[in-house]
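Note sheet for the following structure.
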Amino acid sequence: MNNAHVLVTGANGPLGSLVAEDLIQAGYSVTGLSRKDAPRDFKGNWRSCDLLNGEQVRNALEGVNVVVHCASDAQRPQDDAAVVDHLVAASKTNDIHIVYVSICGIEEASKHLEYYKVKIRNEEKIHSSGVLHTIVRISQFHPFVSMILSQLVRGPVILLPRFQLQPVDIHFAAQQLATHAIASPANGRAPDVHGPDLLTSAVLIDSWCKAQGLRKLRIPIPAFSLLKALASLTPTSGVSGGISWNEWLKQEVMQSNPYIQKA
């Protein structure tokens, strides 16, 4: 689709900004969308929009062929559901291809976390709507995993719940989404996207502490809350690539983490 006009929701976020950048560099017409103003270095077009306002969404999607939906709020999952309703309605009217970002292996985990449950419902809603669509499930990004581990630190100790993850390079994930944006719709799920290694929480914590230069006593604990959901994630297969967890730790673990809000 050489003449595609792609709109990226959440284009000022960690994932959406990279998807937009990849498409712009490839020569496609790209519009970033967010409630906020465009970042200073954003090279595409920009539209400000409240995705919870159906009329604003319809107006924002005028002239667009593809929407890569990267915007999401784990703290307000019902808002995510409402946004998908608006995107589907606008896409039906304008024959737009929705590339929807979801999460790998969340069927069992959705019993423990409303955000995952809404993700699955959104997948089903989009698939049954009749709109052109591609659903791309992605495993946890390296900086997100680092943020989770940082929350396990308690003074001189670090908590050690049991889970396993397949952390993925966010740049690799963005490249996969950009590829789907300019390809024909799958009208279903595309292959899952994940990192090269399936790692236990013990391995993740040991390598993370070493990279941080931290000496912490490991205290095993039962999984609860978000940790229970993480413990219920199931391994996946599909498209694997990007730098590994250990490679990321060497390069970026001490850099500013976009998933940790500054006070």
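Following the numbering used here, the numbering of the sequence shown begins with 175 at its first residue and continues without gaps. Where is the CB? At the ideal position from N, CA and C, for every residue including glycine.
Terminal residues of the beta strand (DSSP E) in which residue i lies
i, result
"I443", "Absent from the structure is residue 443, since the part of the chain shown begins at 175 and ends at 437."
"S276", "H271 to I277"
"H345", "Counting along the chain, H345 falls outside any beta strand (DSSP E), though it belongs to the alpha helix (DSSP H) covering I344 to A355."
"R389", "Looking at the DSSP string, R389 is not in any beta strand (DSSP E), and its letter there is neither H nor E."
"H179", "H179 to T183"
"V241", "V240 to H243"
"I332", "V331 to L334"
Those residues which DSSP pairs with residue i across a bridge
i, result
"N219", "T205"
"P359", "Bridge partners of P359: none, in fact."
"I309", "Y274 and R363"
"P394", "L334"
"F315", "V342"
"H260", "Per DSSP, none; premise fails for H260."
Residue i to residue j span [Cα, whole Å]
i, j, result
"S203", "L391", "51 Å"
"L351", "T205", "15 Å"
"A437", "L207", "Model confidence at A437 stands at a pLDDT of 38, short of 50, so the residue's coordinates are unreliable; what they give is reported in the following sentence. Approximately 25 Å between the Cα atoms of the pair."
"V331", "F216", "41 Å"
"E298", "N177", "29 Å"
"V155", "L306", "Outside the shown range of the chain (175 to 437) lies residue 155, about which nothing can therefore be said."
"S284", "A248", "13 Å"
"T353", "V273", "10 Å"
"R389", "F337", "21 Å"
"L181", "D259", "17 Å"
"F398", "T267", "43 Å"
"Q199", "I393", "47 Å"
"R132", "S303", "Residue 132 lies beyond the range of the chain shown here (175 to 437); nothing can be said about it."
"S191", "S358", "22 Å"
"K291", "E281", "8 Å"
"I322", "A212", "28 Å"
N-terminal and C-terminal residue of the alpha helix (DSSP H) that residue i is part of
i, result
"L400", "L400 to A405"
"Y225", "Contrary to the premise, residue 225 reads as Leu rather than Tyr in this sequence. From DSSP, L225 is part of no alpha helix (DSSP H); its letter is neither H nor E."
"E195", "P188 to Q199"
"H301", "E288 to S303"
"Q429", "Here Q429 belongs to no alpha helix (DSSP H), and DSSP marks it neither H nor E."
"F337", "It is not in any alpha helix (DSSP H) - F337 carries neither H nor E in the DSSP assignment."
"P409", "Unbroken run through P409: none, as it is neither H nor E."
"F285", "Sequence inspection shows Lys at residue 285; the Phe mentioned does not correspond to that position. From DSSP, K285 is part of no alpha helix (DSSP H); its letter is neither H nor E."
"L372", "First-last for L372: undefined, no H or E at that position."
"D247", "Element bounds for D247: n/a, residue is neither H nor E."
Residue-chain proximity (residue i, chain C), Cβ-Cβ < 8 Å
i, result
"A385", "Looking at the structure shown, chain C is missing, and only one protein chain is on hand."
Whole-angstrom C-beta distance between residue j and residue i, which should lie under 8 Å
i, j, result
"S414", "H345", "Incorrect: roughly 14 Å between the Cβ atoms, too far for contact."
"T410", "C278", "4 Å"
"I434", "A364", "The pair is not a contact, with the Cβ atoms about 30 Å apart (cut-off 8 Å)."
Q) So does the region 223-233 actually touch the region 381-399, counting three or more Cβ pairs closer than 8 Å? A) no
Q. Given 8 Å as the limit, is there contact between the region 187-200 and the region 247-262, that is, 3 or more CB pairs closer than that?
A. no
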